[in-house]
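Chemist: Following this message is one structure expressed as C-alpha cells.
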Ligand SMILES: [Zn+2]
Ligand SMILES: [Zn+2]
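Chains as they are written, first to last, in full-length UniProt numbering: chain Y, 1 to 312; chain Z, 1 to 312.
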C-alpha cells in the first residue's frame with residue numbers, strides 16, 4: 001500500500017505543483033490503483049510514472065471544484081483509447097453524474113468498459129472482503145467529503161508444523177483452520193483455529209480528505225489512522241484567511257492529526273503563493289505541533305507499512 | 001501575427017505532444033491572443049510560454065472531441081482566478097453551450113468576466129474593422145469546422161510631404177485622406193486619396209482546420225492563404241486508415257495546400273504512433289507534394305509575414 005502524489009497544488013496548476021490527484025496503489029493487495037480526485041492533467045502526470053491507467057478501477061472525488069475534477073473525463077477517455085476494458089467505479093458528491101454524462105456525451109466519447117457513477121452520502125461507500133471505505137462531510141464552500149480507507153485485518157499464517165504435530169495431515173482441514181473455522185475431527189477432538197494460526201495482521205487505515213476548514217469530522221476520519229492526508233492551503237498564522245476561504249492552515253492540519261491519534265500526517269493542496277523556499281518552513285511549523293508530518297510534492301510516494309513493520 | 005503551437009498531438013496526450021491547441025498571437029495587431037481548440041492541459045502548456053491568459057479574448061473550437069475541448073473549463077476558470085476581467089467569446093459547434101454551462105455550474109465556477117458562447121454555423125462567424133473569420137464544415141465523425149481568418153487590407157501610409165507640396169496644411173483633411181475619403185478643398189480642388197497614400201498593405205489570411213478527411217471545403221478555406229494549418233494524423237500510404245477514422249494523411253494535406261494555392265502548410269495533429277524519428281520522414285513526404293511544408297511541434301512559433309516582407 002503506497003500513496004503516490006500526482007498533484008499537490010491548490011486552485012490552479014503551477015509549474016511545480018499540479019492540481020489535486022492522489023493515487024492509492026494497492027498493487028500487492030489487489031492489483032489495482034484507486035484515485036482520489038482527478039484535477040486537470042492528471043493523465044499527463046501519470047505519463048511520467050509507472051502507473052498504468054488500466055489499473056485504475058476506482059476513483060473517489062472529494063468535491064466538485066474544478067481543480068479536483070476537470071481531469072476526469074480525459075482520464076476515462078484515454079483509459080478506453082489505451083485498451084482498458086475492466087469496469088471503473090467513480091464515487092463522489094451529487095452532481096457528478098450530470099457532469100460525466102454531459103462531458104462524455106457532448107464529446108461523443110464511448111468507453112470500451114463499463115462505467116459506474118455512485119453519488120455518495122455520508123457513511124459506508126464501499127466494502128468487500130479486503131477493504132471498507134467510509135465518507136464524512138467536511139466544511140468547505142460546497143459539499144466536500146473525506147474518505148477513510150480501512151483495510152480489514154488479515155488472519156495469521158497457518159502453523160502447519162503445529163498441525164502435523166497434532167496429527168492432522170494436510171488437506172481441506174488446513175484451509176478451514178486458515179479461514180478461522182473451528183474443526184471437529186473424526187475422533188471428536190476439537191481444533192481451535194487460534195491455536196494453529198500466527199498472530200493476525202492488523203489492517204491499515206488511511207484517511208484522505210477533501211478541501212476543508214478544521215472540523216470535527218476530519219478528526220473522526222483520521223482517528224488512529226496510519227496516515228492522514230490533509231490539506232494545508234495556508235501557512236500557520238493565516239487562520240483568518242483559511243476560515244474565509246474554507247481551507248486549513250498547516251497548524252490546523254497538524255492539530256487535527258495529533259488529536260485524532262494518527263501515526264503520520266501528510267500535508268497537500270499547497271497554495272502557489274508559497275514557493276519552493278517556503279515549503280520547508282511550512283513543514284517545520286506543522287512539526288512543532290505534530291512531529292510525524294511530511295509535506296507532499298508532486299511525484300512523491302509514501303509507503304504505508306503494517307504496524308510493527310519497519311518503515312521503508 | 002504569429003501562430004504558437006501549444007499542442008500538436010492526436011487523440012491522447014503523449015510526452016512530446018499534447019492534445020490540440022493553437023494560439024494565434026495578434027499582439028501587435030490588437031493586443032489579443034485567439035485560441036483555436038483547447039485540449040486538456042492547454043493552460044499547463046501556457047505556463048511554459050510568454051502567453052498571458054488574460055490576453056485570450058476569443059476561443060474558436062473546431063469540434064467537440066475531448067482532445068480539442070477538455071482544457072477549456074480549466075482555462076476559463078484560471079483566467080478568472082488570475083485576475084482576467086475582459087470579456088471572452090467562445091465560438092464552436094452546437095453542444096458547446098451545454099458543455100460549458102454544466103462544467104462551470106456543477107463546479108460552482110463563477111467567472112469574474114463576461115463569457116459569451118456562440119454556437120456557429122457555416123459562414124461568417126466574426127467581423128470587425130480588422131478581421132473577418134469564416135467557418136466551413138469539414139468531414140469528420142462529428143461536425144468539425146475549419147476557420148479562415150482574414151485580415152483586412154490596410155490603407156497605405158499618408159504621404160504628408162506630398163500633401164504639403166500640394167499646399168494642404170496638417171489638420172482634419174489629413175485624417176480624411178488617410179481613411180481613403182475624397183476631399184474637396186475650399187478652392188474647388190479635388191484631392192484623390194490614392195494620390196496621397198503609399199501602397200495599401202494586403203491583409204494576411206490563415207486557415208486553421210479541425211480534424212477532417214481530405215475534402216472540398218478544406219481547399220476553399222485554404223484558397224490563396226498565407227498559411228494553412230492542416231491535420232496529418234497519418235503518414236502517406238495510410239489513406240485507408242485516414243478515411244476510416246475521418247482523418248487525413250500528410251500527402252492529402254499537402255495536396256490540399258497545393259491545389260488551394262496556399263503559400264505555406266503546417267502539419268499538426270500527429271498520431272503518437274509516430275515517434276520523434278519518424279517526424280522528419282512525415283514532413284519530407286509531404287514536401288514531395290508541396291515544398292513549403294513544415295511539421296508543427298509543441299512550443300513551435302510561426303510568423304506570418306505580409307506578402308512582400310521577408311520571412312523571419
Ligand atoms: Zn475546493
Ligand atoms: Zn476529432
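Ideal placement from N, C-alpha and C gives every residue a C-beta, glycine not left out.
Any beta carbon of chain Z sitting closer than 7 Å to that of residue 107(Y)?
Modeler: For this step, residue 107(Y) is matched to residue 107 along the first chain. At least one chain Z Cβ lies under 7 Å of residue 107(Y).
Chemist: Is residue 65(Y) near ligand 1, with its Cβ less than 6 Å from a heavy atom?
Modeler: Taking the first chain and counting its residues from 1, one reaches residue 65(Y) at position 65. Flag set: Cβ of residue 65(Y) near ligand 1.
Chemist: Opposite residue 165(Y) in the DSSP bridges: which residues?
Modeler: Locating residue 165(Y) in the first chain gives position 165, where the first residue counts as 1. Answer is none; residue 165(Y) lacks a bridge partner.
Chemist: Identify every run of the alpha helix (DSSP H) within the segment 136-213 of chain Y, keeping only runs that are complete inside it and at least 4 residues long; order them along the chain.
Modeler: 160-165 and 172-178
Chemist: For the segment 220-244 of chain Z, list every residue whose C-beta sits within 8 Å of some C-beta in chain Y, in sequence order.
Modeler: none
Chemist: List the residues of chain Z whose Cβ lies closer than 7 Å to the Cβ of residue 102(Y), in chain order.
Modeler: Along the first chain, one-based indexing puts residue 102(Y) at 102. Contact annotation for residue 102(Y) against chain Z: 98, 99 and 102 [CB-CB distance below 7 Å, chain order].
Chemist: Secondary structure at residue 87(Y), three-state DSSP: helix, strand or coil?
Modeler: Residue mapping note: residue 87(Y) aligns to position 87 of the first chain, counting from 1. Correct three-state label for residue 87(Y): coil.
Chemist: How about residue 310(Z): is its C-beta nearer than 7 Å to some C-beta of chain Y?
Modeler: Here residue 310(Z) corresponds to residue number 310 of the second chain, with the count starting at 1. Summary for residue 310(Z): the model assigns pLDDT 49, below 50, so the residue's position carries little reliability; its value from the coordinates is reported in the next sentence. Against chain Y, the CB of residue 310(Z) has no partner CB under 7 Å away; the residue lies outside that interface.
Chemist: Let me confirm a value: residue 214(Y) is counted as buried when at least 16 other C-beta atoms fall within 10 Å, else exposed. Which label applies?
Modeler: Locating residue 214(Y) in the first chain gives position 214, where the first residue counts as 1. The residue in question, residue 214(Y), is buried, as its Cβ has 16 or more Cβ neighbours within 10 Å.
Chemist: Give the DSSP bridge partners of residue 56(Y), in chain order.
Modeler: Along the first chain, one-based indexing puts residue 56(Y) at 56. Residue 56(Y) is bridged to 33(Y).
Chemist: Does the beta carbon of residue 13(Y) sit closer than 7 Å to a beta carbon anywhere in chain Z?
Modeler: Taking the first residue of the first chain as position 1, residue 13(Y) is located at position 13. Yes - at least one Cβ of chain Z is within 7 Å of the one on residue 13(Y).
Chemist: Tell me where the beta strand (DSSP E) around residue 119(Y) begins and ends.
Modeler: Locating residue 119(Y) in the first chain gives position 119, where the first residue counts as 1. Note, residue 119(Y): beta strand (DSSP E), 115-119.
Chemist: For a test of your reading of the model: does the CB of residue 161(Z) fall under 6 Å from any non-hydrogen atom of ligand 2? Yes or no.
Modeler: The sequence position of residue 161(Z) within the second chain is 161, counting from 1. False, no ligand heavy atom lies under 6 Å from that Cβ.
Chemist: Does the beta-carbon distance from residue 201(Y) to residue 131(Y) come in below 7 Å?
Modeler: The count along the first chain starts at 1 and reaches residue 201(Y) at position 201. The count along the first chain starts at 1 and reaches residue 131(Y) at position 131. In terms of Cβ geometry, residue 201(Y) and residue 131(Y) do not form a close pair [threshold 7 Å].
Chemist: Return the chain-ordered list of same chain residues with a C-beta closer than 6 Å to the C-beta of residue 255(Z), the five sequence neighbours on each side being excluded.
Modeler: Taking the first residue of the second chain as 1, we reach residue 255(Z) at position 255. Excluding sequence neighbours, residue 255(Z) sits near 289.
Chemist: Which runs of the alpha helix (DSSP H) at least 4 residues long sit entirely within the segment 61-108 of chain Y? Give them in chain order.
Modeler: 72-81 and 96-106
Chemist: Please work out which residues of its chain come closer than 8 Å, Cβ to Cβ, to residue 58(Y), disregarding the five sequence neighbours upstream and downstream, and give them in chain order.
Modeler: Locating residue 58(Y) in the first chain gives position 58, counting from the first residue. 32, 34, 35, 88, 89, 90, 91 and 126, listed in sequence order.
Chemist: Where does the unbroken beta strand (DSSP E) through residue 293(Z) begin, and where does it stop?
Modeler: Here the question's residue 293(Z) lines up with position 293 in the second chain. 293-295 is the extent of the beta strand (DSSP E) around residue 293(Z).
Chemist: Does residue 47(Y) get closer than 7 Å to chain Z when you measure Cβ to Cβ?
Modeler: Numbered from its first residue, the first chain carries residue 47(Y) at position 47. Closer than 7 Å: yes.
Chemist: With a threshold of 6 Å, establish whether the CB of residue 211(Z) neighbours any heavy atom of ligand 2.
Modeler: Counting from one through the second chain, the residue named residue 211(Z) turns up at place 211. Yes - ligand 2 has a heavy atom lying nearer than 6 Å to the Cβ of residue 211(Z).
Chemist: If you run the structure through DSSP and keep just helix, strand and coil, what is residue 315(Z)?
Modeler: Since the first residue shown for chain Z is 1 and the last is 312, residue 315(Z) is missing from the structure and cannot be characterised.
Chemist: Strictly by DSSP, which residues pair up with residue 22(Z)?
Modeler: Numbered from its first residue, the second chain carries residue 22(Z) at position 22. DSSP lists 5(Z) and 36(Z) as partners of residue 22(Z).
Chemist: Buried or exposed for residue 74(Z), going by 16 or more other Cβ atoms inside 10 Å?
Modeler: For the purposes of this step, residue 74(Z) is taken as residue 74 along the second chain, with counting starting at 1. Classification of residue 74(Z): buried, given that the 10 Å Cβ count is 16 or more.
Chemist: Alpha carbon to alpha carbon, how far is residue 229(Y) from residue 168(Y)?
Modeler: Your numbering for residue 229(Y) matches position 229 in the first chain. Your numbering for residue 168(Y) matches position 168 in the first chain. Whole-angstrom Cα-Cα distance: 47 Å.
Chemist: List the endpoints of the continuous beta strand (DSSP E) containing residue 16(Y).
Modeler: In the first chain, the residue the question calls residue 16(Y) occupies position 16. Neither: residue 16(Y) is in no beta strand (DSSP E) and is coded neither H nor E.
Chemist: Go through its chain and collect everything with a Cβ distance to residue 223(Y)'s Cβ below 7 Å, but skip five positions before and after it.
Modeler: Indexing the first chain from 1 puts residue 223(Y) at position 223. Excluding sequence neighbours, residue 223(Y) sits near 260 and 261.
Chemist: In terms of alpha-carbon separation, which member of 277(Z), 189(Z) and 231(Z) lies closest to residue 139(Z)?
Modeler: In the second chain, the residue the question calls residue 139(Z) occupies position 139. Here the closest residue by C-alpha is 231(Z).
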